[in-house]
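Chemist: Next up is a structure, given as structure tokens.
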Amino acid sequence: MKKVEAIIRPEKFQALRVKLEEVGINGLTVSEVAGCGQQKGEQGLFRGQSFEIKLVPKVKVEMILEAEQVDEVIKMGIAEENNLGVMGWSYGGFMSSWIVGHTDRFKAASIGAPVVDLAHQNLTDDIAGFLPSYFDNDPWADWASYDAHSPLRFVQNVKTPVMLQHGEADMRVPFTNGLMFYHALKRRGIPVRLLALTRQPHGPTEPKMLMRVMQANVEWFDKYMSPKKGF
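The following block contains the structure:
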């Protein structure tokens, strides 16, 4: 494994062990995911207990299957080697959709508001200068670089069951991103579900929509992951 500087604080990592029985959801364990942003020209790391994404200038993405970190959580009794899930929203949705196209380690994935096609994203979102500021080019000037970092270009590799959630009124990451990923997986015969959130922007804001998303996530992971039998 390539060594990198850790961003997650040790005290935060120790807080991973959270039993959801306390809030009435049985058989699941949740752990924290910490991240750190970056400005143009700076390096940023986004880390979690199940994966690590390295983002370098011009959005060159390198996924590191940090077996050491995953194995450590398994040793702690928090995660089971053959019972891992992955999830994320927005940039986390981008990371999660990238991950399922590059590894089959996870039994299920929950992906919210993902950017799956960088050129499409740039030409439809409400922050037109954002991606060109990393690539130093508009999409039409460098299609290859935009494509090389788009999770949609690796959808043919996905085997993991995926649940997608996306607000139909999302202007930051337009709904069509999630729709494209859904149709590609559906046509390939991969287990996939799309939860289209009526009236919702980049994240659910209505209480009933928040409840629906939480319940859908529990149902999805419960369907594809074995319940944890205890610590």
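With positions in the sequence shown counted from 1, the corresponding number in my numbering is that position plus 223. Just so it is clear, CB atoms sit at the ideal spot from N, CA and C, and this is done for glycine as well. These numbers were taken from a predicted model, which means no experiment stands behind them.
(1) Under the three-state reduction of DSSP, which class applies to leucine 420: helix, strand or coil?
(2) Based on Cα-Cα distance, which residue from Asp294, Met310, Trp312 and Leu433 lies nearest to glutamate 304?
(3) Over the uninterrupted beta strand (DSSP E) stretch that includes leucine 387, give me the two end residues.
(4) Tell me where the beta strand (DSSP E) around glycine 311 begins and ends.
(5) Among the residues of its own chain, which have a CB less than 6 Å from the CB of phenylalanine 380, if the five just before and after it don't count?
(6) Based on DSSP bridge pairs, tell me the residues matched to alanine 332.
(7) What is the rounded straight-line gap between the Cα of glycine 342 and the Cα of valine 415?
(8) In this structure, what does DSSP give as the bridge partners for valine 415?
(9) Identify, in the order they occur along the chain, each residue of the same chain with its Cβ nearer than 8 Å to the Cβ of aspartate 348, setting aside the five sequence neighbours on each side.
(10) Can you list, in chain order, the stretches of the alpha helix (DSSP H) that have 4 or more residues and sit fully within the stretch 352 to 378?
(11) Would you decide whether glutamine 344 is buried or exposed? Buried here means 16 or more other CB atoms lie within 10 Å of its CB.
(12) Identify, in the order they occur along the chain, each residue of the same chain with its Cβ nearer than 6 Å to the Cβ of methionine 448, setting aside the five sequence neighbours on each side.
(13) Can you check whether the CB of phenylalanine 404 is closer than 8 Å to the CB of serine 313?
(14) What separation, rounded to the nearest whole angstrom, lies between the Cα atoms of alanine 385 and alanine 364?
(15) What do you reckon, are the CB atoms on proline 427 and glycine 401 nearer than 8 Å?
(16) Lysine 225 by DSSP, collapsed to three states: which one?
Modeler: Based on what the coordinates show:
(1) Indexing the sequence shown from 1 puts residue 420 at position 197. Strand.
(2) The residue labelled residue 304 in the question sits at position 81 within the sequence shown. For glutamate 304, the nearest C-alpha among the options comes from Asp294.
(3) Locating residue 387 in the sequence shown gives position 164, counting from the first residue. That run of the beta strand (DSSP E) goes 385 to 390.
(4) Mapped onto the sequence shown, residue 311 falls at position 88. Its beta strand (DSSP E) spans residues 308 to 312.
(5) Stepping through the sequence shown from its first residue, residue 380 is reached at position 157. Looking at the sequence shown, residue 380 is not phenylalanine but asparagine. Taken in chain order, the residues that qualify are Gly324.
(6) Residue 332 sits at position 109 when you count from the first residue of the sequence shown. Alanine 332 pairs with Val309 and Val385.
(7) Locating residue 342 in the sequence shown gives position 119, counting from the first residue. Locating residue 415 in the sequence shown gives position 192, counting from the first residue. Going by the sequence as given, residue 342 is alanine instead of glycine. Distance between the alpha carbons of alanine 342 and valine 415 is about 24 Å.
(8) The count along the sequence shown starts at 1 and reaches residue 415 at position 192. Per DSSP, Val385.
(9) As a first step, residue 348 must be located in the sequence shown, where it is residue number 125. For aspartate 348, where only same-chain residues beyond five positions count, the Cβ hits under 8 Å are Met394, Arg395, Val396 and Pro397.
(10) 353 to 358 and 366 to 371
(11) Counted from its first residue, the sequence shown places residue 344 at position 121. Result: buried.
(12) Position 225 of the sequence shown, counted from the start, is the residue given in the question as residue 448. These residues qualify, in order along the chain: Asn306, Gly308, Lys330 and Ala331.
(13) The sequence position of residue 313 within the sequence shown is 90, counting from 1. The sequence position of residue 404 within the sequence shown is 181, counting from 1. In this structure, phenylalanine 404 does not lie closer than 8 Å to serine 313 by Cβ.
(14) On the sequence shown, position 162 is the one that residue 385 refers to. On the sequence shown, position 141 is the one that residue 364 refers to. Checking the sequence shown, residue 385 turns out to be valine, not alanine. In a straight line, the C-alpha of valine 385 is about 32 Å away from that of alanine 364.
(15) Along the sequence shown, read from residue 1 onward, the residue named residue 427 stands at position 204. Along the sequence shown, read from residue 1 onward, the residue named residue 401 stands at position 178. No, Cβ-Cβ distance for proline 427 and glycine 401 is not below 8 Å.
(16) Residue mapping note: residue 225 aligns to position 2 of the sequence shown, counting from 1. Residue confidence for lysine 225 is low, a pLDDT of 35 falling below 50, so the modelled location carries little weight; the figure read from the coordinates is stated next. Lysine 225: coil per DSSP, three-state reduction.
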